[in-house]
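**Student:** Going by this note's numbering, the first residue of the sequence shown is number 359, and it counts up by one from there.
Don't be surprised by glycine CBs; every beta carbon is placed ideally from N, CA and C.
Remember, it's a predicted structure, so these values are computed and weren't measured experimentally.
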Amino acid sequence: MKDICFIFLFLFSSLSSSYAQLVGFEESVPQTFKVAGKGELKTSSLFYKEGKSSLEWDFQPGSTLDVQVSPLSLNAKKEQQFGITLWIYNEKPQQDSVRFEFLNEAGEVSYWFSYHLQAAGWRACWISFAYMNGNKKDKNIVGYRLVAPQREGRIFLDRLTFPEKKMNLRTTPDQQLPTNNGLSNRDLWHWCLVWKWEKQSYDIPLLSKLTSRQKKDLKTIEQRLTDFLDVKKAPQGQVNAAYKTFEKAAITPSAAGTGFTGMPVVAPDEQDKKKGEMSWNDIETMLAGFAYDACYNQNETSKKNYFTVFDYAIDQGFAFGSGMGTNHHYGYQIRKIYTTAWLMRNEIYKHPHRDVYLSTLRFWAALQETRQPCSPGRDELLDSWHTLLMAKLISAMMFPDANRQEQALNGLSRWLSSSLRYTPGTIGGIKVDGTTFHHGGFYPGYTTGVLATIGQFIAFTNGTDFELTEEARQHIKSAFIAMRNYCNFYEWGIGISGRHPFGGKMGSEDIEAFANIALSGDLSGRGDAFDHGLAADYLRLIRNGDTPNARFFKKEGIQPAQAPQGFFVYNYGSAGIFRRADWMVTLKGYTTDVWGAEIYAKDNRYGRYQSYGSVQIMGKGNPVSRAGSGFVQEGWDWNRLPGTTTIHLPFELLDSPLKGTTMARSEENFSGSSSLGGMNGMFAMKLMERDYDNFTSDFVARKSVFCFDNRMICLGTGITNSNADYPTETTLFQTKFNGKEPKADNDDYWLHDGYDNYYHVVDGTVRSQVADQESRHEKTREKTAGKFSSAWIEHGKAPKDGTYEYMVLIQPSAAELDELQKTPAYEVLQRDQMAHVVYDKKTGITGYAAFEAYQPVNDQFIVSIPAETMVMYDKESDNRIRLSVCDPNLNLAEKTYTTKEPSRPISKKIVVKGIWMLPSPQEGIQLEYEGNNTLLNVTCQHGQPVEMLLTNK
């Protein structure tokens, strides 16, 4: 009791004490910091994590470090948001802890936690009140104290913030604070799970003796990895960068006899670059450059520097069991640490710190996750595959013991195979339609690199006992095929570009991966020595490239594939891809389960309309590209993505309305595509804008696109909103002006985009222009300028039940154009709020977009279609009809950022005239009969069309 009274006399002795949030230890010990019991406080330059000094606490058993603070009153919200952050230097690993206690006015402990001292060096101590222990009844804090272990010793404190008023949500649990973040149990925060995974054990036995086959396989993989990572010559630019960064780091052995001083290394979230502070990428720069110089130039100084930097990085917290406060997205900054560690492996093996280096590499590679199969609910897999798969492989191969290499590779191969399952809902990974998910959505921009790294793993392990399962390879093949389909030649459309509207494409390593998976075995079922289809795709994509794989495939008689032809349905992204010849159309919408655009505070600021029914044609360039097809950012009017129906806003109103991320989802479920026979298709959507700042919440429309051969019929009805300040438009095209005027044959209703595509407007007030446009850069808001040819249908301000109808001819021949200008190739059978129905005279296909329950009076075949259903049919003969039914709704039960909830089946009942039968039973289809009508009971799931052949024999 006497001690408590002494403490609180001290705590309240200075009413003028400041409510300090960030505490520095550069000049002297702050007056609010005192030692109770035996011990001493002083500033020290032996170690520091910012500035040039830290707070040294020399303690004895029973000693406490008492800190006075201005009264802090917590509530439930503040418990989550408020906490303490600091870094602690411990000179020698110990099996005890420092206990932090937060006290109420009566001197009672309301909150406490223990900080483990099992590691030497700088380690972060970040924790919010929510994850502390204690009864937490009295939420009024007037001070805190650090209780020393029951021994003599010292620690150093720096970068102390109390109270931290906005704790990092991605605070990372580690060896020091294993329970400092409940979010670590969410699979979404995969970066933060490294310590949780460290508690796992292998369920794969460690073999006491390897077979000759196993030994041979390990040698094979070692040689393949060595050949792949051999850069032949040290890249001088990277060597120079290493020395330059090393000089800035000013790494010096501490006068304490252990550890170092130098420029602090911290996570990017707390890095102050103006002060010269460093992060993981700087460690990567130094380690990679010195490794190259040491390996290829035999530079002894670089070799010495390499290990100095490695020791310093570990001392600074890039070490086994350390989360460095927050480690999110670290994988993007450390990849070359691993590829160059492989080059240095023999030197690492000989170094006295070998085990420390290797444990660090394994921990930060998250190799420990692979001790067990991949969790079925694991999210954000694309990040892990892209940034850490190579790191995992290298770490597994760098076990000095071949028996442990075998165990680790076995676990890694199993983990990767199990991670390549089709994932449910909107969590990351591969979906059943081949789309790849990141950030809860279809994201090609994150898929590039992923295909490359998985392809590399397949190449390294091909023909060994560590190769992926056939099922896993089939699944990754579907992702390769999907990317082949939605890229032209290497690039994808703006609608599916995420937050990079004019960026992103397949890289050379992604293309090489087509060859790697082709060589892993025939996945087509034909029984060939390799997959001929993927090999042909590879030859097409590599064009005239002369590679060993290209030479092999050509020797085997493989010819380059033609560009994909057909209509491809990707309703996990509310998208359709329409292709013929060398052109590609990307159609894009959004739903309750599919976001429309990813907008960051500094990325894609003006990208709101990417999924408002966009219809983008990419068909020009050598090879075909966005820019070659007329889509460039300089001067681009962000209101006019082709096909979209939008309110034409000033850029300041179109700018991102939220400080953070905007990923708007609709409140409608009906948006997506369907196909018939794999060649022709359609797209339909109920457009509905959300209720955000500068949005118009009552903005609605019903849109459809019917795609036949090289023709698209675009319909719109019910275009309504209350925005009386700015006009509503449907954009036909906006392309970089190439000298060709938009009007064709002086006809205001026949237009030309300058890239061999023609537009015939049947319904709507058309406006067209060639104009110098001023725009804004999507990241910086800087002004950009360019000359564009544009055309749009004007619906006016605050339209009510606006409509449009136009046809697009994609790169028609002169004869086709002449014919279609004289005689329409299609007939609109219905165009209202209930349904859009089009009959194509050339293919004989009829397409139905039933927005509401549809019961036509005079239809020759259809009696009824339920609401929110797409139907296409082709009467192949008097007694054969090919028909498809699709509900693009993923029908996910949970509406959130990402969900593990699977797509649920939806039953659709289509009634048709006549007595029809299936040639053979077909899963998901049941037939009933009612008089002279046939009832088709169709089960839709995953947004995929269900296609059938009906006969009346």
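On the CB-based measure, 16 or more other CB atoms within 10 Å of its CB, does THR1138 come out buried or exposed?
**Tutor:** Exposed, because fewer than 16 other Cβ atoms sit within 10 Å of the Cβ of THR1138.
**Student:** Pairing CB atoms from the stretch 1242–1252 with CB atoms from the stretch 1022–1035, are three or more of them under 8 Å?
**Tutor:** yes
**Student:** Going by C-alpha to C-alpha distance, which of HIS709, ASP673, ILE1203, SER771 sits closest to ALA477?
**Tutor:** Cα-wise, what sits closest to ALA477 is ASP673.
**Student:** Under a Cβ-count criterion, where at least 16 other Cβ atoms within 10 Å of its own Cβ denotes burial, should PHE586 be classed as buried or exposed?
**Tutor:** exposed
**Student:** Could you check where the alpha helix (DSSP H) with ARG984 kicks off and where it finishes?
**Tutor:** That residue, ARG984, is in no alpha helix (DSSP H); it is neither H nor E in DSSP.
**Student:** Residues in the same chain with beta-carbon distance under 7 Å from GLN763, minus the five sequence neighbours each way, listed in chain order, please.
**Tutor:** LEU576, ALA754, MET755, PHE757
**Student:** So what does DSSP say about GLN572, is it helix, strand or coil?
**Tutor:** Correct three-state label for GLN572: helix.
**Student:** Compute the Euclidean distance between the alpha carbons of SER1014 and GLU437, then round it to the nearest angstrom.
**Tutor:** 30 Å
**Student:** Verify the CB distance criterion: does GLN439 have a CB-CB separation below 8 Å to chain C?
**Tutor:** Checking the listed chains, one finds no chain C in this structure; it contains a single protein chain.
**Student:** In terms of alpha-carbon separation, which member of GLU658, LYS632, LYS602, ALA908 lies closest to ASP640?
**Tutor:** LYS602
**Student:** Closest to GLY595 by C-alpha separation, out of THR578, LYS633, MET644, would be which residue?
**Tutor:** MET644
**Student:** Out of TYR690, THR1142, ASN761, GLN832, state which residue places its alpha-carbon closest to the alpha-carbon of ASP1312.
**Tutor:** Nothing can be reported for residue 1312: it is not among the residues displayed for the chain, which extend from 359 to 1311.
**Student:** Residue ranges of each beta strand (DSSP E) run of no fewer than 3 residues wholly in the stretch 1064–1115, ordered along the chain?
**Tutor:** Counting only runs of 3 or more, we get 1069–1078, 1085–1094, 1105–1110.
**Student:** Go through its chain and collect everything with a Cβ distance to LYS523's Cβ below 7 Å, but skip five positions before and after it.
**Tutor:** Its chain contains GLN439, PHE440 as the residues whose beta carbon lies nearer than 7 Å to that of LYS523, once the 5 sequence neighbours on both sides are disregarded; these appear in chain order.
**Student:** Spatial neighbours of LYS450 within its chain, please: CB distance less than 7 Å, with the 5 preceding and 5 following residues excluded, ordered by chain position.
**Tutor:** ALA478
**Student:** How many Å lie between PHE847 and MET841 at the Cα?
**Tutor:** 10 Å
**Student:** Quick check: LEU1307 and PRO1277, are their CB atoms within less than 8 Å of each other?
**Tutor:** yes
**Student:** Have a look at ASN761, LEU504, PRO622 and flag the residue whose alpha-carbon is nearest the alpha-carbon of THR569.
**Tutor:** ASN761
**Student:** Smallest Cα separation from GLY786: which of ARG582, ARG736, ASP424, ASN1068?
**Tutor:** ARG736
**Student:** For SER559, collect the residues of the same chain with a Cβ closer than 7 Å to its Cβ; drop the 5 residues on either side in sequence, then sort them by chain order.
**Tutor:** Leaving aside the five residues that flank SER559 on each side, the residues in its chain whose CB is nearer than 7 Å to its CB run, in chain order, ARG729.
**Student:** Extract the residue ranges of the beta strand (DSSP E) inside the stretch 370–438, only unbroken runs of 3 or more that lie entirely within it.
**Tutor:** 391–394, 397–402, 412–417, 422–431
**Student:** Among ILE957, HIS687, THR944, which has the Cα closest to the Cα of GLN974?
**Tutor:** THR944
**Student:** Of the choices ASP627, GLY689, PHE604, whose alpha-carbon is the least far from that of PHE648?
**Tutor:** Residue nearest to PHE648 within the set ASP627, GLY689, PHE604 is PHE604 (criterion: CA-CA distance).
**Student:** At 3 residues or longer, what runs of the beta strand (DSSP E) sit wholly inside the stretch 1177–1250?
**Tutor:** Runs found: 1184–1189, 1193–1198, 1203–1208, 1220–1222, 1227–1235, 1238–1244.
**Student:** Within a Cβ cutoff of 6 Å, which residues of the same chain sit near SER472, ignoring the five residues on either side of it in sequence?
**Tutor:** If we look at SER472 and ignore the five residues flanking it on each side, its Cβ neighbours are SER455, ARG457.
**Student:** Which value, in whole angstroms, describes the spacing of the CA atoms of GLY856 and ILE812?
**Tutor:** Taking the straight line from one Cα to the other gives about 22 Å.
**Student:** Buried or exposed: which applies to ASP1176, given that a residue is buried once 16 or more other Cβ atoms fall within 10 Å of its Cβ?
**Tutor:** It counts as exposed.
**Student:** Taking HIS890 as part of the alpha helix (DSSP H), name the residues at either end of that continuous run.
**Tutor:** 890–900
**Student:** Please go through the same chain and pick out, in chain order, the residues whose beta-carbon is closer than 7 Å to the beta-carbon of THR1292, but skip the five residues on each side of it.
**Tutor:** VAL1270, GLY1272, ILE1273, TRP1274, LEU1285
**Student:** Check LYS913 in the structure and name its three-state DSSP category.
**Tutor:** helix
**Student:** Quick check on DSSP: helix, strand or coil for PRO307?
**Tutor:** Residue coverage of the chain in this structure runs from 359 to 1311, which leaves residue 307 outside it and unanswerable.
**Student:** Using a Cβ-Cβ cutoff of less than 6 Å, which residues in the same chain neighbour PRO1000 once the five nearest sequence positions on both sides are dropped?
**Tutor:** Answer for PRO1000: VAL973, GLN974, THR1089, PHE1091, listed in chain order.
**Student:** Which same chain residues end up closer than 7 Å to PRO1260 when comparing Cβ atoms and leaving out the 5 residues on each side of it in sequence?
**Tutor:** PRO782, GLY783
**Student:** Using 10 angstroms around the beta-carbon of GLN814, count the other beta-carbons present and answer buried if the total reaches 16, otherwise exposed.
**Tutor:** buried
**Student:** With ASP640 as the anchor, note down where its beta strand (DSSP E) starts and where it stops.
**Tutor:** Counting along the chain, ASP640 falls outside any beta strand (DSSP E), though it belongs to the alpha helix (DSSP H) covering 638–655.
**Student:** What's the gap between the Cα of ALA378 and the Cα of THR443?
**Tutor:** With a pLDDT of only 41 at ALA378, under 50, the local geometry of the prediction cannot be trusted, and the value read off the model is given with reservation. Cα to Cα, the separation comes out at about 13 Å.
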